[in-house]
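Protein chains in written order, with my numbering: chain A, 9 to 411; chain B, 815 to 936. Glycine included, C-beta positions come from ideal geometry on N, C-alpha and C. Remember, predicted model here, so these are calculated numbers, not experimental data. In what follows, a single structure is set out as structure tokens and then discussed.
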Amino acid sequence: MSEGLWRELAPQALARLLRTYGSTHFDLCEDAVQEALLHAYQQWPTRFPDDPVGWLVTTARRRYVDLTRGDARRRLRETRAALLHPPMPPQAVQADDSLLVLRLCCHPDLPRSGQVALTLRAVAGLTTAQIANVYQVPETTIAQRITRAKRRVSELGTPLPPPKHADERVTAVLDVLYVMFTEAHHTTTGAPPADTDLATEAIRLTRLLLLSLSKSTEVTGLLALMLLTEARQPARVGPDGRLTPLDEQDRTLWNRELIDQGITLVRRATPGAEPGPYLLQACIAALHAEAPDTAATDWHEILALYRLLEIVTGHGNPTITLNRIVAQAMVDGNDTALAQLDALEADHPRLPRLDAVRAHLLERAGRPDAAANAYRRAIAATVNLAEQQHLRHGLRHLAGAHE
Amino acid sequence: MKYLILMQVDPAVLEQLTDEQQKQIQEGHAAFMAATKESGEFIATQALADPSQSKVVRSSGGSPEVTDGPFAESKEFMGGFYFIDVDSEARAVELAKRIPDASIPGLALELRPVMFTDLGDQ
């Protein structure tokens, strides 16, 4: 049985239990589904059911009743409710069901770490051990995050939103999917995780989301952004494990098929669209993907898109401003960009990557001593090993070039 | 017996390395980890961020006070460690000598016997 099948079935079964018992019992429903999956894993290889979701739901309901036992009268009531509940047509609400669970997992009242852990477990079907491996933390930590998140969902006690309103809270869902994706590509701390399945899974879920929200330009934008970023992955890390920046990447290694898919999505979504942050970032990624090299890149257009992105996000994200300054350097020269970096640093003294950008700009401006100091500050500030190695490499080359 | 091998690092020394040396160091560490895992002597290793990322928590007039920066200012600092389980101190020294840092002037390794261990979930 394929991993993919489990990942498709688990959220559907969970959604049906939640419809029956309500999201106030999220933790019990989730436990019941996990145990049903375990039974399925043991039994299906010898006897595969005609209706796998129905089988899972029935088994999970029995398990749910077991889990709530202790109060005889309640048990009776639960059993009756479980058995009286009319079975649903298997395929009718498939996509919406996964999304329903996704939306519950991404409830804005949960901490981001809890949202992501719960999504990976309940929707993506990863085990606690797999999630722990992705985040390089002990399994017990992840188990705690999941337990707390489940309890919080139960406490929220909101009635299940009807599938009609699938775009409700979609921003939080998109943000969690994007966190999953970026975490796979570039961990904020430590060494890069070995499990790139996380990126694949984020893409799969975003595709699923787009199925039911095909008109949402932001969902389209996020999927395009993910595909265009994923396409560059083979060129991002050199054989020595060091990060390769965009302008040094071997573009023949980029995955053309993913790029074409991403560009098609961008073209489909852009006309007449209200530009949201994900669509704008996808447009920028598409411009990079279309260019044969850094020199031939349409930096004027990229700069204009970053300016728009700053406006759309209310100038509240210094990393976007930092990226805008990089584009600015390509259009208006290094000195203009360096002055703007100083201004940005005054407002955000500990902004990640700022000194790395400064080092590159100073190097290009022919100021090796100042560049070396910026490299040193950037090396001291990063907590990402691959990035640190990349910066050390830059510093050594700077010294070599000017000796 | 368990030992902590502390990798003492001097950033100025790391800057002087060539790309070739850097590559050899990385490969050397990978080989060291593989060999000590194979022999069952490996327990854990961690690389640490620059001391400028440190916070120090210490008593100030009876209540804990948090300050930025390293505990002690110095040119060298602990860049990371290996945690190993070996038969003897001699073996710990033998292993430490195989760590690439041992062959680079300006870097050093410090070995310290471990007196108590709790690895949480292990």
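With 16 other Cβ atoms within 10 Å as the buried cut-off, status of residue i
i	result
histidine 33(A)	buried
lysine 158(A)	buried
arginine 250(A)	buried
isoleucine 271(A)	buried
isoleucine 150(A)	buried
threonine 881(B)	exposed
methionine 234(A)	buried
methionine 188(A)	buried
valine 870(B)	exposed
glutamine 830(B)	exposed
isoleucine 319(A)	exposed
proline 94(A)	Low local confidence applies: a pLDDT of 48 at proline 94(A) is under 50, so the model's placement there is unreliable, with the coordinate-based value given in what follows. Its Cβ having fewer than 16 others within 10 Å, proline 94(A) is exposed.
alanine 180(A)	buried
valine 928(B)	exposed
methionine 815(B)	exposed
histidine 368(A)	buried
leucine 236(A)	buried
tyrosine 49(A)	exposed
threonine 228(A)	buried
glutamine 412(A)	As shown, chain A starts at 9 and ends at 411. That puts residue 412(A) outside it, with no answer to give.
glutamine 396(A)	buried
alanine 130(A)	buried
phenylalanine 891(B)	buried
proline 53(A)	exposed
serine 902(B)	exposed
glutamine 144(A)	exposed
Contact with chain A by residue i, beta-carbon distance below 7 Å
i	result
glutamate 829(B)	yes
glycine 934(B)	yes
serine 866(B)	yes
lysine 851(B)	no
alanine 863(B)	yes
lysine 816(B)	no
isoleucine 837(B)	Inspection of the sequence shows that residue 837(B) is occupied by lysine rather than by isoleucine. Yes, contact with chain A.
Interface flag, residue i vs chain B, CB-CB below 7 Å
i	result
proline 146(A)	yes
aspartate 248(A)	yes
valine 142(A)	no
valine 391(A)	yes
leucine 370(A)	no
aspartate 403(A)	As written in the sequence, residue 403(A) is leucine, which differs from the aspartate given in the question. Closer than 7 Å: yes.
alanine 388(A)	yes
In DSSP terms, what residue i is bridged to
i	result
leucine 818(B)	Phe897(B) and Arg926(B)
arginine 872(B)	Glu879(B)
glutamine 860(B)	Phe895(B)
valine 823(B)	Phe891(B)
leucine 251(A)	Val245(A)
Distance cut-off 6 Å: residue i Cβ against heavy atoms of the ligand ZN
i	result
phenylalanine 897(B)	In the structure on display, the ligand ZN does not appear, and there are no ligands present to speak of.
Any C-beta of chain D under 7 Å from that of residue i
i	result
leucine 393(A)	Considering every chain present, this structure includes no chain D. Its protein chains are A and B.
Quick check for students: name the residue ranges of the alpha helix (DSSP H) that lie wholly in the stretch 281-356 of chain A, counting only runs of 4 or more. 285-298, 307-320, 326-340 and 342-355
Quick check: the stretch 269-287 of chain A against the stretch 329-341 of chain A, are there 3 or more CB pairs under 8 Å? Contact between the stretch 269-287 of chain A and the stretch 329-341 of chain A is absent, because fewer than three Cβ pairs lie under 8 Å.
Contact between the stretch 351-364 of chain A and the stretch 388-398 of chain A is defined here as three or more beta-carbon pairs at a separation below 8 Å; is this criterion met? yes
Should the stretch 245-262 of chain A be regarded as contacting the stretch 309-324 of chain A, the criterion being three or more beta carbon pairs within less than 8 Å? Touching, no, given that fewer than three Cβ pairs across the two stretches are closer than 8 Å.
Three CB pairs or more closer than 8 Å across the stretch 909-923 of chain B and the stretch 820-838 of chain B: yes
Should the stretch 852-859 of chain B be regarded as contacting the stretch 890-899 of chain B, the criterion being three or more beta carbon pairs within less than 8 Å? yes
Does the stretch 14-32 of chain A touch the stretch 136-148 of chain A, meaning 3 or more C-beta pairs lie closer than 8 Å? no
Taking one C-beta from the stretch 14-22 of chain A and one from the stretch 38-48 of chain A each time, how about it: are there three or more such pairs within less than 8 Å? Here the stretch 14-22 of chain A lies against the stretch 38-48 of chain A, with 3 or more beta-carbon pairs under 8 Å apart.
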